[in-house]
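A quick write-up on the structure given underneath.
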Amino acid sequence: MATQSVLTPQGEDFPRWYQDVVAKAEMADNGPVRGTMVIRPYGYAIWERMQAAIDARIKEAGAQNAYFPLFIPQSYLSREAEHVEGFSPELAIVTHAGGEELSEPIVVRPTSETVIGEFMAKWIQSYRDLPLLLNQWANVVRWELRPRLFLRSSEFLWQEGHTAHATYEDAAKYALKIHTDVYNDFLEQVLAVPTYVGIKPPSERFAGAINSMTCEGMMRDGKALQMATSHELGQNFAKAFDIFFQNEAGQAALCHTTSWGASTRLVGGLIMAHGDDNGLVVPPRLAPIQVIVIAVRDESEVNDACARIAASLKGVGVRAQVDANRGSFGRRLTDWEIKGVPLRIEVGPRDLSSGQVTMVRRDSGEKSLVVLDAVGETVLVVLESIQATLFEAARDRRDENTHDVANVDEALEAAQNGFARIAWREVEGPGEQRLKSEAITVRCLMRADGSMPVDDAEEDLVCIVAKSY
RNA sequence: CGGGAAGUAGCGCAGCUUGGUUAGCGCGCCUGGUUUGGGACCAGGAGGCCGCGGGUUCGAAUCCCGCCUUCCCGACCA
12 MATQSVLTPQ
22 GEDFPRWYQD
32 VVAKAEMADN
42 GPVRGTMVIR
52 PYGYAIWERM
62 QAAIDARIKE
72 AGAQNAYFPL
82 FIPQSYLSRE
92 AEHVEGFSPE
102 LAIVTHAGGE
112 ELSEPIVVRP
122 TSETVIGEFM
132 AKWIQSYRDL
142 PLLLNQWANV
152 VRWELRPRLF
162 LRSSEFLWQE
172 GHTAHATYED
182 AAKYALKIHT
192 DVYNDFLEQV
202 LAVPTYVGIK
212 PPSERFAGAI
222 NSMTCEGMMR
232 DGKALQMATS
242 HELGQNFAKA
252 FDIFFQNEAG
262 QAALCHTTSW
272 GASTRLVGGL
282 IMAHGDDNGL
292 VVPPRLAPIQ
302 VIVIAVRDES
312 EVNDACARIA
322 ASLKGVGVRA
332 QVDANRGSFG
342 RRLTDWEIKG
352 VPLRIEVGPR
362 DLSSGQVTMV
372 RRDSGEKSLV
382 VLDAVGETVL
392 VVLESIQATL
402 FEAARDRRDE
412 NTHDVANVDE
422 ALEAAQNGFA
432 RIAWREVEGP
442 GEQRLKSEAI
452 TVRCLMRADG
462 SMPVDDAEED
472 LVCIVAKSY
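Mapping of the first sequence onto our numbering: residues 12 to 480, in sequence order.
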């Protein structure tokens, strides 16, 4: 590990550490307009890996990708009262185009329930057209007063799924399926981030939803981050956009719709969930570069060996890359550490003369010698071990920093440094206000065993309260 | 949007209080050489409308006003 840190230590100033990582790992830059973000190649490579993993799960769940326009007539937003009220403060609105003032202003989409609703109404005729399962990968704009790279930018990238169903039950079941099989599975299996899965309290619901589900992850500073959400929209949007179908009895009936999304915020979550004082730590299943092969000396024999090792790793399906061999050895090590590459293979004359290489894990810093012939199989095993270790470490941190408390006073105390778990009936109403006055919010409601409740009316629910991003 | 801090080379900063030669320093970058098992060293070099716009002045990085951007703390949110 680095002898002296090039990053602000987490313990000294966590937000500063985050910015240092974003800059020095070459993930992103601020755009020229306040709140906008330039995603650099390494950051985008990570996002592309996230997209691929999420997209595959979405398709497995039966939804199809489509694309709807960036521009939405302002009148569409107004059709659903809560929706327009919720989003109005964040809208970017185009009033002029083609050199003239527009007769009706155009909204830059903050989310696409409205346009998609309009087309669902057009496409759905019969119960045979249901369920209609759509998804789109797109950018959206929500004007932010306090932007932070990846976590909160005025323009961000995401995936938004929109579905229409014949019954409430079917819609609820599908939203839950997405939440479980797409989001939570991705977060646990790929991102190695354990989350608390539950429903949002009414005060935190999506504008226009009857129920919002969330995956709440714990960052290394003990704050919460909402990493994905799924909403049951009931018939609110179906009413606003006339999304009717003819049922088997030949009668017109209103659809039940859902929507669900995950954004580039996940990149910020990745940084803050696993990163340490030496930089980013990327879980192997996500990592665009899983193994970096570094020549200790710039000698042709050593360089040739590096190329051979990388080629053989690629041959067994490992995303390996040879370091460009510029600058001092120590500098190169540090750079790859900041980028969070899970596994490093160092190759030097000393190693080669004994027919082996040095392998170093990013998660633990542990070094080991590996016989050349065994590099491929060893790497595959160690990568999976790192994946598992990261998840377990994150889970342990989450559990150690989740404190069971009996009342709001204790929750206020406990949430200064982690999550507090408390009976929902202790918090509901005035308690929520008291927490909010100290910047602490109810992140989610769960059953006592951690499972997903049907709604907030269930008896004996517990909630997670915390400071959040 | 409210409260606080700040914008000077790619990054981090000094200079500003008390206006006055050619605006400095560290890191990085370029060239050459020596190096390379944990942020290497030597020599030479490039790089600035001092955030933007206006004002005061013989003269502005420095004083005044406006705007933009960034960071921290709130309210809003993925």
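Think of the CB as a built atom: it goes at the ideal place given N, C-alpha and C, for glycine as much as any other residue.
The segment 299 to 309 makes contact with the segment 358 to 373; the number of CB pairs closer than 8 Å reaches 3 or more.
Spanning the alpha carbons of G461 and E312 requires a straight line of approximately 56 Å.
In this structure, DSSP gives M131 a helical state, which the three-state scheme calls helix.
Annotation for T389: the continuous alpha helix (DSSP H) segment containing it runs V386 to E411. Note on F82: under 16 other CB atoms within 10 angstroms of its CB, so exposed under the neighbour-count rule.
Its Cα nearest to that of A316, the residue V382 stands out among S270, G261 and V382.
Straight through space, the alpha carbons of D420 and L144 are spaced by roughly 45 Å.
Ranked by Cα distance from W271, the options S323, S123 and A335 are led by S123. By the Cβ rule, the segment 56 to 74 does not count as touching the segment 86 to 106, because fewer than three pairs are nearer than 8 Å. The alpha-carbon separation between E439 and S479 amounts to approximately 18 Å. Contact between S164 and E171 is ruled out by a C-beta separation of about 16 Å, above the 8 Å threshold.
A298 is positioned such that its CB atom lies closer than 7 Å to that of P353. Contact annotation: the segment 335 to 345 does not touch the segment 262 to 282, with fewer than three C-beta pairs closer than 8 Å.
In this structure the segment 207 to 214 touches the segment 445 to 460; the number of beta carbon pairs closer than 8 Å is three or more.
When the five nearest sequence neighbours on each side are left out, the beta carbons in the same chain lying within less than 8 Å of the beta carbon of P84 are those of E115, I117 and V118, in order along the chain. Short of 7 Å from the beta carbon of G442, and not among the five residues preceding or following it, lie these beta carbons of its own chain, in chain order: V419.
Comparing alpha-carbon positions, the option among M238, M370 and A477 lying closest to G387 turns out to be M370. For E449, the secondary structure class from DSSP, reduced to helix, strand or coil, is coil. By the CB criterion at 7 Å, F197 and I65 fall inside the cutoff. Taking 7 Å as the cut-off, the Cβ atoms of I50 and A34 do not count as close.
A distance below 7 Å separates the beta carbons of A235 and E227. By the CB criterion at 7 Å, H242 and S223 fall inside the cutoff. Counting along the chain, R372 sits inside the beta strand (DSSP E) bounded by residues Q367 to R372.
In chain order, N150 and T275 place their CB closer than 6 Å to the CB of L168, counting only its own chain and leaving out the 5 sequence neighbours on each side. The continuous alpha helix (DSSP H) containing V438 extends over residues W435 to V438. Around the beta carbon of V465, a 10 Å sphere encloses fewer than 16 other beta carbons of the protein chains shown; the residue is thus reported as exposed. In this structure, the CA atom of A417 is about 11 Å from the CA atom of R436. The shortest C-alpha to C-alpha distance from I475 to any of I433, T106 and S448 is the one to I433. Distance check between D31 and each of G42, G22 and L18 places L18 closest, using alpha-carbon atoms only. According to the DSSP assignment, Q62 belongs to the alpha helix (DSSP H) that extends over P52 to E71.
For the beta strand (DSSP E) assignment, the uninterrupted runs of no fewer than 3 residues enclosed by the segment 274 to 332 are, from N- to C-terminal side, 302 to 306.
Residue range A92 to F98 is occupied by the alpha helix (DSSP H) that includes H94. For a cut-off of 8 Å, the C-beta gap from Q301 to L394 is around 6 Å, short enough to register as a contact. When secondary structure is reduced to three states using DSSP, G272 falls in the strand class.
In the DSSP assignment, I356 falls within the unbroken beta strand (DSSP E) covering L354 to V358.
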